[in-house]
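Here the sequence shown is numbered in full-length UniProt numbering, starting from 1 and rising by one per residue.
Only one structure is covered here, and it is reproduced in the block below.
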Amino acid sequence: MIPDNHPRYRSLVARERIADAVRSGIVVVEGASAHGRGEAFDYLLCEKTSESALLAEKTAAAYLMAADRAIISVNGNTAALAADEIRELAEASGAAVEVNLFHRTDERMAAITAHLKAAGVTVLEGTPERLLPLSHDRALCLRDGIGTADVVLVPLEDGDRCEALVAMGKTVITIDLNPLSRTAQTATVTIVDELTRALPNITRACRDMTPETGNQLVAAHDNTALLRAALRQIQETLADALD
């Protein structure tokens, strides 16, 4: 039992969810280590949403709302940590949800899909095809999902698929606590924030979005500036710690 007044409550709850998901087969062991890496970066971001991250979240909402076919791509960690948040974002944005995995087995696909459905998420299902130019199983996706999407939200993404999606002409939105990762550096819109803080912010922005505001956000978008702002925040955190 984690007391809700513990100063690390949110972080400890997330760790427990990941551990439970490893035991149930939703998350692979490698996913647990990836979560820890992200948590380390969140320390450097003071475990809060920065102004630049909030701007990125609003910009992500603008792209989602303007999309012809938006897809939220979900892996095991995302499902374990944020199934409810995924449902709410899908409802607010009109985006569809597709499960896409690097460590892919039929059993994991079924377990993650069932977990999302239990949270009320409508999940695209069908026969996957090797539609992305990758040599591993993230290449497998649905033609009426990621295959034909113009905007793809890829939280907790790995870099080579992000690069492949961008090369295919898709707008890629990622949530990545490491502003130096290949994913963060490649995506169209990089949100340097923790998953369960970022998703509700995007959802709220989708609900409040007007076409005029959306057009302004997209026109003004500068992903390099967002990444630099995140790096400056990390620098400031380290400088303050040394003072």
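Every residue gets a Cβ at the ideal spot worked out from N, C-alpha and C, and that includes glycine.
In this text the structure is predicted, and so the values were computed from the model without any measurement.
Query: Compute the distance between the beta-carbons of A146 and E85, then report whether it is under 7 Å.; Result: The question names Ala, but residue 146 is Ile in the sequence shown. Not closer than 7 Å, so no.
Query: Report the three-state DSSP secondary structure of T174 (helix, strand or coil).; Result: strand
Query: Rounded to the nearest angstrom, what separates S181 and I173 at their Cα positions?; Result: 14 Å
Query: Starting from the Cα of A149, find the closest Cα among V123, A70, A60 and L195 and give me that residue.; Result: A70
Query: Find out if the Cβ-Cβ distance for the pair L81, T196 is shorter than 7 Å.; Result: yes
Query: Of the residues S24, V22 and M1, which one's Cα is nearest the Cα of V13?; Result: M1
Query: Thinking C-alpha only, which one of V74, A62 and T78 is nearest A205?; Result: A62
Query: To the nearest angstrom, how far is the alpha carbon of F102 from that of A19?; Result: 19 Å
Query: Look up L153 in the DSSP assignment and give the residues it is bridged to.; Result: I72 and I173
Query: E129 by DSSP, collapsed to three states: which one?; Result: strand
Query: Using the DSSP secondary-structure output, state which residues sit across from C141 in a beta bridge.; Result: E129
Query: Below 8 Å on the Cβ atoms is my guess for V154 versus A67; work out the distance and round it to an integer in Å.; Result: Their Cβ separation, rounded to whole angstroms, is 14 Å, which puts V154 and A67 out of contact at 8 Å.
Query: Applying the criterion that 16 or more other CB atoms from any shown protein chain within 10 Å of the CB defines a buried residue, is A110 buried or exposed?; Result: exposed
Query: Should S73 be labelled buried (16 or more other beta-carbon atoms within 10 Å of its own) or exposed?; Result: buried
Query: Helix, strand or coil for A96 per DSSP?; Result: strand
Query: Expressed to the nearest angstrom, what Euclidean distance is found between the alpha-carbon atoms of A90 and T171?; Result: 17 Å
Query: Would you report the Cα separation of I202 and L226, rounded to the nearest angstrom?; Result: 16 Å
Query: Would you mind sorting P133 into buried or exposed? The rule is 16 or more other CB atoms within 10 Å of its CB.; Result: exposed
Query: Quick test of your reading: G120 and R87, contact by CB under 8 Å. State the CB separation rounded to the nearest angstrom.; Result: 5 Å
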